[in-house]
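Chains as they are written, first to last, in the numbering used here: chain A, 51 to 295; chain B, 47 to 162; chain C, 25 to 132. Heads up, the beta-carbon is just placed ideally off N, CA and C, and yes, glycines get one too. Take a look at the structure below.
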Amino acid sequence: MSRVVRMIVFAVGGLGVAVLLGAAIARMPHFGSGHHPYRTLAVAAALARRAPNAVSSVNFDQRGFDTLGEEMILVGSVLGAVALLRPAHHESERRVPRGGRVLPATQFAGYALLPVTLALGLDVVAHGHLTPGGGFQGGVILATGLHMAYVAGDYAALRRLRPVHWYSYGEALGAGAFVLLGFAGLAAAGAYMANVLPLGTFRALLSAGTVPLFNIATGCAVACGIVVLLAAFLRQELLIGEDER
Amino acid sequence: MSYLAYAVAAWLFLAGGLGIARSRHLVQTVVALSVAQSGTYVLLLAVGFQRGASAPIFGAGTPLKASGVVDPVVQAMTLTDIVVSATVTALLAALAIQVAKLHGTADPDELRSLRG
Amino acid sequence: MMWIIALALVFVAVGGTVTALTTDPERQAVTLSLYGLLLTLLFFVLSAPDVALAQLAAGTVVVPLIVMLAVRKIRHVREGAEDAARAERERDEAARAEREVGEREVPR
Chain A
51 MSRVVRMIVF
61 AVGGLGVAVL
71 LGAAIARMPH
81 FGSGHHPYRT
91 LAVAAALARR
101 APNAVSSVNF
111 DQRGFDTLGE
121 EMILVGSVLG
131 AVALLRPAHH
141 ESERRVPRGG
151 RVLPATQFAG
161 YALLPVTLAL
171 GLDVVAHGHL
181 TPGGGFQGGV
191 ILATGLHMAY
201 VAGDYAALRR
211 LRPVHWYSYG
221 EALGAGAFVL
231 LGFAGLAAAG
241 AYMANVLPLG
251 TFRALLSAGT
261 VPLFNIATGC
271 AVACGIVVLL
281 AAFLRQELLI
291 GEDER
Chain B
47 MSYLAYAVAA
57 WLFLAGGLGI
67 ARSRHLVQTV
77 VALSVAQSGT
87 YVLLLAVGFQ
97 RGASAPIFGA
107 GTPLKASGVV
117 DPVVQAMTLT
127 DIVVSATVTA
137 LLAALAIQVA
147 KLHGTADPDE
157 LRSLRG
Chain C
25 MMWIIALALV
35 FVAVGGTVTA
45 LTTDPERQAV
55 TLSLYGLLLT
65 LLFFVLSAPD
75 VALAQLAAGT
85 VVVPLIVMLA
95 VRKIRHVREG
105 AEDAARAERE
115 RDEAARAERE
125 VGEREVPR
């Protein structure tokens, strides 16, 4: 359809959606009210399972099956994107380009921050059941921390630092560990993803049962998945070109 | 104030939709979709918020009462959604690259191969 | 306290509109990154530090990087396609000019 027709259709549809949303908003509870029935139940369950971070407890302990589904969506999207970005039969890889000039301050900041960011990412993953954080956030921090090598150096430096096939194994390992931990719960307690490890003392590092293990598995899968994804995009942009016809 | 939070969520959704309808480049469509998704995040968190309540993390200073913290269930939903939709956006961008390679253009108005 | 939340909401609404309506795709990556930062502030003010951390890491760094790489790749592909089309047109014109010269020589 032409542009004008498309804008008219959007105007009509958008107006309808706006009217429906307005009618819904008028009947919603007040912003900032105190009536949250799920909160009472979820927080009570999180405290009973000795997890100070109620959000992590909901994610990996109380609502773990949905998180498994989201994990599989992530693995599937990375798989699809990497499959789409493989070079076609009429394309070939160029030589790895030498980087441009990088300011010394940028180089210093990048190389100094790389280990700091990686340590921060590992800390966020490991303490996911105690402090704000968890597998998803820590995994993305780890993946972006690795790419500080690209900011500070050039593409050749990044390639030395991340052999891609190891990271694809890491992603499979993380996702597989997530599924197998669920089966361990099934074997030990009769319910998939049951919390079967000892709950420990409140606010200790080894507490809340299987939640730290799920955090580590998710962190591994997310970090490796995002590294593989960025590797495919960087390779497509910097290296792959049409064969001369 | 009550209507502002939900109205901003609805506004972001419609602004994202307008961006999709108006786009002249497939990657613009993908970014506008991302903006529309962020409207849902704002809606979820606005539903779970309570005036004067703290974050649902029971550190050393937070009393162990359910009525003093915001809702953790909507926060759990939103945070997995953010990370997963980053990868889905990457998949859509890879699709846009493939379309550009096959047809030489990324303008939705110029892509005619679906016409009979 | 509530006015901070109201201010953050207004900033997010303005930022979202600007990001969705930016015309240049390369510039949109930058505004998307800034919009991610505004969303992080809003989530922080709404007492959601987990969500703010996730938005900061994923929506402010990873997605704009991927968008920028995709836009640049598409630009290279489009320039390559235009160069190829122009080269083909020039080849066709040269072939047509040679044919005309040949046809003019034949009746001699």
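Chain B within 9 Å of residue i, Cβ atoms only
i, result
"R295/A", "Its pLDDT being 44, under 50, R295/A is placed unreliably in this model, and the coordinates cannot settle the point."
"L63/C", "yes"
"E117/C", "no"
"S127/A", "yes"
"L58/C", "no"
"E127/C", "no"
"D116/A", "yes"
"I191/A", "no"
"R102/C", "yes"
"A1/C", "This structure cannot speak to residue 1/C, because chain C is shown only from 25 to 132."
CB contact check: residue i to chain C, cutoff 9 Å
i, result
"P182/A", "yes"
"T151/B", "yes"
"G160/A", "no"
"Q157/A", "no"
"V93/A", "no"
"S106/A", "yes"
"V174/A", "yes"
Within chain C, the residues that residue i reaches when beta carbons sit closer than 7 Å
i, result
"F104/B", "By Cβ distance, chain C contributes nothing, its closest Cβ being about 13 Å from F104/B, past 7 Å."
"T124/B", "V75"
"T194/A", "A81, V85, V86"
"I276/A", "V86"
"S84/B", "G40, L63"
Contact set between residue i and chain C, taken where Cβ atoms lie within less than 8 Å
i, result
"L89/B", "Within 8 Å Cβ-Cβ: nothing; L89/B doesn't reach chain C, min ~12 Å."
"T251/A", "Near T251/A there are no residues of chain C at all, since even the closest Cβ is about 23 Å away, more than 8 Å."
Partners in chain B for residue i, counting only beta-carbon separations shorter than 9 Å
i, result
"Y88/A", "G94, D117, P118, V119, V120"
Residues sharing a beta bridge with residue i, DSSP
i, result
"Q96/B", "G82/A"
"V75/C", "None; V75/C has no bridge partner."
"N103/A", "I103/B"
"V115/B", "S100/B"
From the options, residue whose alpha carbon lies closest to that of residue i
i, options, result
"S69/B", "R56/A, L97/A, A92/A, A101/A", "R56/A"
"L230/A", "E221/A, Y242/A, Y219/A", "Y242/A"
"L249/A", "R89/A, S83/A, A96/A, E221/A", "A96/A"
"V261/A", "P137/A, S107/A, G188/A, Y161/A", "S107/A"
"L77/C", "F186/A, G226/A, L280/A", "F186/A"
"P301/A", "R253/A, A101/A, V214/A, L192/A", "What is shown of chain A runs 51 to 295, which leaves residue 301/A out entirely."
"V152/A", "P102/A, Y200/A, A138/A, C270/A", "Y200/A"
"R253/A", "H85/A, A101/A, L71/A", "A101/A"
"V105/A", "A106/B, G107/B, G94/B", "G94/B"
"S71/C", "L79/B, Q83/B, G114/B", "G114/B"
"L263/A", "G232/A, M78/A, F81/A, L289/A", "G232/A"
9 Å Cβ cut-off: residues of chain C touching residue i
i, result
"L280/A", "V86, L89, I90, L93"
"F283/A", "L89, I90, L93, A94, K97"
"Q286/A", "L93, A94, K97"
Partner residues on chain B for residue i, Cβ-Cβ distance less than 8 Å
i, result
"P134/A", "A small fix is needed here, since residue 134/A is Leu in this sequence, not Pro. Per Cβ cutoff of 8 Å: L137, A140, L141, I143, Q144."
"A105/C", "G150, T151"
"G64/A", "L60, G63, L64"
Neighbour list for residue i in chain E, Cβ cutoff strictly below 8 Å
i, result
"V134/B", "Of the chains in the structure shown, none is chain E; the protein chains are A, B and C."
is_contact[residue i, chain A] using C-beta, thresh 9 Å
i, result
"G162/B", "At G162/B the pLDDT is 45, less than 50, meaning the model places this residue with poor confidence; the figure from the coordinates comes in the next sentence. No, G162/B lies away from the interface with chain A (no Cβ there is under 9 Å from its Cβ)."
"R113/C", "no"
"A78/B", "no"
"S100/B", "no"
"L110/B", "yes"
Chain A residues whose Cβ lies nearer than 7 Å to that of residue i
i, result
"S48/B", "H80, F81"
Beta-carbon neighbours of residue i, restricted to chain B and to distances below 7 Å
i, result
"R56/A", "A67"
Proximal chain A residues relative to residue i, where beta-carbon distance stays under 9 Å
i, result
"L58/B", "Result: empty, since nearest Cβ-Cβ is about 11 Å, beyond 9 Å."
Select from the segment 43-56 of chain C all residues with a C-beta closer than 7 Å to any C-beta belonging to chain B, and list them in chain order.
T43, A44, L45, P49, Q52, L56
Taking only beta carbons into account, state which residues of the segment 63-78 of chain C come closer than 7 Å to chain A, listed in chain order.
P73, D74, L77, A78
When you check each C-beta in the segment 25-39 of chain C against every C-beta of chain A, which residues fall closer than 8 Å?
M26
Of all the residues that make up the segment 243-274 of chain A, which are near chain C by a beta-carbon distance shorter than 7 Å?
none
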